[in-house]
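Q: Residue numbers (UniProt numbering): 1 to 529. Glycine included, each C-beta is placed from N, C-alpha and C at the ideal position. Before I ask anything, let me first share the structure, which is written out below as structure tokens.
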Amino acid sequence: MALTSYVCVNCRLSSKLTRVPLRSFSAARSVRDVFRPATAPKSTPDVKHIRQNAELYAQNCVDRNYATHAVYPSKIEQLSHEAKQLDHDLKTPRSRIKQLEQAIARLHGAARQDPNDGKDLNLTEQLAQLKSEAQQLKDDSQAMVDRKATCTEEINRLALALPNLSSPFTPVGHDPALVSYINFNPQEPPAWTRQSPAELQARSHVTIGTELNLIDFASSATTTGWGWYFLINEGAMLEQALVQYALSVARRRAWRTVAPPSIVYSYIAEACGFQPRDQHNEQQIWSIEQNERDRHNKPQRSLTGTAEIPLAAMYAGRDINAADLPIKLVGASRCYRAEAGSRGVDTKGLYRVHEFTKVELFGWTDNVEGGKSTRPTSLDLFNELLEMQTEILTSLSLPCRILEMPTGDLGASATRKRDIEALFPSRLRQASNSDVTPVDPSIHELESAWGEVTSASICTDYQSRRLGARVRGTAKDSRFPHTVNGTAMAVPRVLAAILENGWDAERGVVVVPEVLRPWMDGMETIGRK
1 MALTSYVCVN CRLSSKLTRV PLRSFSAARS VRDVFRPATA PKSTPDVKHI RQNAELYAQN
61 CVDRNYATHA VYPSKIEQLS HEAKQLDHDL KTPRSRIKQL EQAIARLHGA ARQDPNDGKD
121 LNLTEQLAQL KSEAQQLKDD SQAMVDRKAT CTEEINRLAL ALPNLSSPFT PVGHDPALVS
181 YINFNPQEPP AWTRQSPAEL QARSHVTIGT ELNLIDFASS ATTTGWGWYF LINEGAMLEQ
241 ALVQYALSVA RRRAWRTVAP PSIVYSYIAE ACGFQPRDQH NEQQIWSIEQ NERDRHNKPQ
301 RSLTGTAEIP LAAMYAGRDI NAADLPIKLV GASRCYRAEA GSRGVDTKGL YRVHEFTKVE
361 LFGWTDNVEG GKSTRPTSLD LFNELLEMQT EILTSLSLPC RILEMPTGDL GASATRKRDI
421 EALFPSRLRQ ASNSDVTPVD PSIHELESAW GEVTSASICT DYQSRRLGAR VRGTAKDSRF
481 PHTVNGTAMA VPRVLAAILE NGWDAERGVV VVPEVLRPWM DGMETIGRK
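Structure, rendered in structure tokens:
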């Protein structure tokens, strides 16, 4: 391990020089390695709370699959102690420097009063000695000041890398808790669960979309590669209908419509909890390549994985008037995901793609405890998100289940998350190899057929602290607001679920949900004319 050192100036004053070994910091990326313009919001992690609850944060890292980060809280404690000790150690040399400067000033004064005194040589020697000692103390003090700044920077880096603390509602581990069902009775599963593998394959949205000329995967394979697609004809219309329907539900509840950009500064994405790579070192987001000239003087930009990022950035570095809260935003955008991992049945078709359209809900709420405010809390907004998601999926006639997600599934920013999963016939795996004879539903692994279509999260002040957004109540009242976010419509997955669940094999058509027909030229089915 490489060692750096400084000279303890208090020891120097007592004529005892000591070399103090210092720890080398980790090789993880430092904030110095990333160009951040002066306009970038200043992050303010809650270092005090981390120091006071180091064991809690360490265990939280383990619970949330951030095991390598579990040592960070203790490192923060150690570095904080070192920074405090440096502050204490600096008092003595600074006091001594003042004494020396006063003595030097007195000698200069004496020399000016009696320039022909026979003691000129003695005065010169004394001045030289005092100046030398003062300069050495200043150099040593500056080394300690630099070390303290390095400690502070590393404390902030480590604190910002920690995931948010998990909510008491969040199950610890990797297993979600079932909350309820939508359009589904577990005692009476859909009739298609008794179909043969061949019949289930015929219900795949890939098969349906290709046969009805709604989805073109062949062209996208030529133009871009795996993970992209063309929606064509009624498929393209269905996408727009889903977007407009989701926006209408949000507008009815007074959520403000925003058309956000799909490119943001990379430091904004990281502030929202989206790292270039996740805790498993899998790629999450795409960064836009910079030329060599811009790499060191212009901030990196990334494609957004969700409209959550630009919607959050709208208030980065700003003061929000408490009277304006809650702020409720809904935005439709194109989203880009690296979606690292192997291909397979769960990634076939539209379920896991690199580019897609999504309608996102994002809210800012006040962070006032103890019943001091009558305005909606983050929990209130979280429940409103869930109500909208439930309304949308219920009206689309999709069989779904609502899950309280476990600590192992939460991203860095969320303290609590609920997912809603829909049933996809094409994802159902059977214990029979028969492609002709229907099998008993008891041997179907229904669990495999569920697939996420929405999520909703509470992020407390995790994002606002990293985005430098504050609530201003009065001139002296400043605090960090809470943020919530949720999916109103993940178009490709919901579109796939509609094709598979709305498929009428006898007529060879897909039944269009009634709520979408106003944006589908009134058509009730898609398929044979």
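Can you name the start and end residues of the alpha helix (DSSP H) that F362 belongs to?
A: Locating residue 362 in the sequence shown gives position 362, where the first residue counts as 1. Here F362 belongs to no alpha helix (DSSP H); instead the beta strand (DSSP E) covers 355-365.
Q: Suppose the cutoff is 6 Å on Cβ atoms and the five residues either side in sequence are ignored; what does the same chain contact list for S167 look like?
A: Position 167 of the sequence shown, counted from the start, is the residue given in the question as residue 167. Only T415, R416 meet the Cβ criterion.
Q: Quick check on the DSSP output: what are the complete alpha helix (DSSP H) runs of length 4 or more inside the stretch 172-211, in order along the chain?
A: Taking only runs of at least 4 residues, the alpha helix (DSSP H) segments lying wholly in the stretch 172-211 are 197-202, 205-211.
Q: Any C-beta of chain C sitting closer than 8 Å to the C-beta of R318?
A: In the displayed structure, chain C is absent; only one protein chain is listed.
Q: Does the beta-carbon distance from L446 to L428 come in below 8 Å?
A: Along the sequence shown, read from residue 1 onward, the residue named residue 446 stands at position 446. Along the sequence shown, read from residue 1 onward, the residue named residue 428 stands at position 428. Their beta carbons are under 8 Å apart, which means L446 touches L428 by this criterion.
Q: If we ignore side chains and look at the alpha-carbon of each, how far apart do R32 and S464 end up?
A: Taking the sequence shown and counting its residues from 1, the one referred to as residue 32 is at position 32. Taking the sequence shown and counting its residues from 1, the one referred to as residue 464 is at position 464. Note that R32 scores a pLDDT of 43, beneath 50, so its modelled location is shaky and nothing firm can be said.
Q: Using 8 Å as the threshold, is the stretch 348-362 in touch with the stretch 399-413, meaning 3 or more CB pairs across them?
A: Judged by Cβ distances under 8 Å, the stretch 348-362 makes no contact with the stretch 399-413, as fewer than three pairs qualify.
Q: At which residue ranges does the stretch 127-165 contain complete beta strand (DSSP E) runs of 3 or more residues, listed in the order of the chain?
A: Listed in chain order, nothing qualifies, since the stretch 127-165 has no complete beta strand (DSSP E) run of 3 or more residues.
Q: By how many angstroms is the C-alpha of A271 removed from the C-alpha of T365?
A: Sequence index remark: in the sequence shown, residue 365 carries index 365 (1-based). Sequence index remark: in the sequence shown, residue 271 carries index 271 (1-based). If I take the Cα positions, the gap works out to 18 Å.
Q: By the three-class DSSP mapping on this structure, what secondary structure does L350 have?
A: For this step, residue 350 is matched to residue 350 along the sequence shown. In the structure shown, L350 sits in coil (DSSP, three-state: anything other than H, G, I, E or B).
Q: So what's F217 in DSSP terms, helix, strand or just coil?
A: In the sequence shown, residue 217 corresponds to position 217, counting from 1. Helix.
Q: If you run the structure through DSSP and keep just helix, strand and coil, what is N122?
A: As a working note, residue 122 is residue 122 in the sequence shown. Here N122 sits in helix by DSSP.
Q: Please confirm whether N164 and C459 have their CB atoms less than 8 Å apart.
A: On the sequence shown, position 164 is the one that residue 164 refers to. On the sequence shown, position 459 is the one that residue 459 refers to. Closer than 8 Å, so yes.
Q: CA-CA distance, residue 611 and K138?
A: Residue 611 lies beyond the range of the chain shown here (1 to 529); nothing can be said about it.
Q: Identify whether E524 lies in helix, strand or coil by the three-state DSSP scheme.
A: On the sequence shown, residue 524 is found 524 positions in, with the first residue counted as 1. Residue state, collapsed to three classes: coil.
Q: Alpha carbon to alpha carbon, what distance is there between G331 and T257?
A: For the purposes of this step, residue 257 is taken as residue 257 along the sequence shown, with counting starting at 1. For the purposes of this step, residue 331 is taken as residue 331 along the sequence shown, with counting starting at 1. The alpha-carbon atoms of T257 and G331 are separated by roughly 6 Å.
Q: Excluding the 5 residues flanking A159 on each side, which residues of the same chain have their C-beta closer than 7 Å to its C-beta?
A: If you number the sequence shown from 1, residue 159 lands on position 159. The answer, listed in chain order, is P45, V47, I50, I76.
Q: If contact is defined by three or more beta carbon pairs under 8 Å, each pair taking one atom from either stretch, is the stretch 491-507 in contact with the stretch 235-248?
A: Output reads yes: the stretch 491-507 touches the stretch 235-248.
Q: What three-state label does DSSP hand D409 in the structure shown?
A: For the purposes of this step, residue 409 is identified with residue 409 of the sequence shown, where counting begins at 1. In the structure shown, D409 sits in a helix (DSSP, three-state: H, G or I).
Q: Please identify the residue among P326, T170, S333, E292 whose C-alpha is closest to the C-alpha of D255.
A: Position 255 of the sequence shown, counted from the start, is the residue given in the question as residue 255. Residue identity differs from the one stated: residue 255 is Trp in this sequence, not Asp. Checking every option, the nearest Cα to that of W255 belongs to P326.
Q: Ends of the alpha helix (DSSP H) at L393?
A: By one-based count along the sequence shown, residue 393 stands at place 393. Run containing L393: 378-395, per the alpha helix (DSSP H) assignment.
Q: How many angstroms separate the CA atom of E524 from the CA atom of A236?
A: Within the sequence shown, the letter at position 524 stands for residue 524. Within the sequence shown, the letter at position 236 stands for residue 236. Using only the alpha carbons, I get a separation of about 16 Å.
Q: Quick one: Cα of D146 to Cα of L86, how far?
A: The residue labelled residue 146 in the question sits at position 146 within the sequence shown. The residue labelled residue 86 in the question sits at position 86 within the sequence shown. Using only the alpha carbons, I get a separation of about 10 Å.
Q: Excluding the five sequence neighbours on either side, which residues of its own chain have a C-beta within less than 7 Å of the C-beta of S219, listed in chain order?
A: To locate residue 219, count along the sequence shown from 1; it is residue 219. Hits under 7 Å: F230.
Q: Relative to the C-alpha of A105, which candidate in K131, E384, N122 has its C-alpha closest?
A: As a working mapping, residue 105 is identified with position 105 in the sequence shown. Among K131, E384, N122, the Cα nearest to that of A105 belongs to K131.
Q: Please report how far the alpha carbon of A191 lies from the alpha carbon of P171, in whole angstroms.
A: Start at 1 with the first residue of the sequence shown, and residue 191 comes out as number 191. Start at 1 with the first residue of the sequence shown, and residue 171 comes out as number 171. Their Cα atoms are separated by approximately 33 Å.
Q: Quick one: any contact between the stretch 196-212 and the stretch 497-508, if contact means 3 or more CB pairs under 8 Å?
A: These segments touch.
Q: At which residue ranges does the stretch 225-279 contain complete alpha helix (DSSP H) runs of 4 or more residues, listed in the order of the chain?
A: Listed in chain order, the complete alpha helix (DSSP H) runs (minimum 4 residues) inside the stretch 225-279 are 234-252, 266-271.
Q: Identify, in the order they occur along the chain, each residue of the same chain with its Cβ nearer than 6 Å to the Cβ of A307, setting aside the five sequence neighbours on each side.
A: Here residue 307 refers to the residue found at position 307 when the sequence shown is read from its first residue. Once the five neighbours on either side are set aside, the close Cβ partners of A307 are P260, G331, S333, E360.
Q: By Cβ distance below 8 Å, which residues in the same chain neighbour I155 in space, the five residues on each side in sequence not counted?
A: Your numbering for residue 155 matches position 155 in the sequence shown. So the qualifying residues of the chain are V47, I76, L79, S80, A83.
Q: Could you pull out every residue in the same chain whose Cβ sits closer than 8 Å to the Cβ of F480, ignoring the five residues on either side in sequence?
A: Translated into positions along the sequence shown, residue 480 becomes position 480. Hits under 8 Å: T44, N367, D461, S464, R465, A469, R470, V471.
Q: Assuming contact is defined by CB atoms lying nearer than 8 Å, are K348 and V510 in contact in what I supplied?
A: Residue 348 sits at position 348 when you count from the first residue of the sequence shown. Residue 510 sits at position 510 when you count from the first residue of the sequence shown. Result no, Cβ atoms of K348 and V510 do not sit closer than 8 Å.
Q: If you run the structure through DSSP and keep just helix, strand and coil, what is S43?
A: Position 43 of the sequence shown, counting from 1, holds the residue named residue 43. It is coil, neither helix nor strand.
Q: Taking residue 580 as part of the beta strand (DSSP E), name the residues at either end of that continuous run.
A: Absent from the model: residue 580. The displayed extent of the chain is 1 to 529, so no value can be given.
Q: Within this structure, are the beta carbons of Y265 and P299 separated by less than 8 Å?
A: Translated into the one-based positions of the sequence shown, residue 265 becomes position 265. Translated into the one-based positions of the sequence shown, residue 299 becomes position 299. Yes, these two residues count as a Cβ contact at 8 Å.
Q: For S457, list the residues DSSP reports as bridge partners.
A: Your numbering for residue 457 matches position 457 in the sequence shown. Answer is K417, N485.
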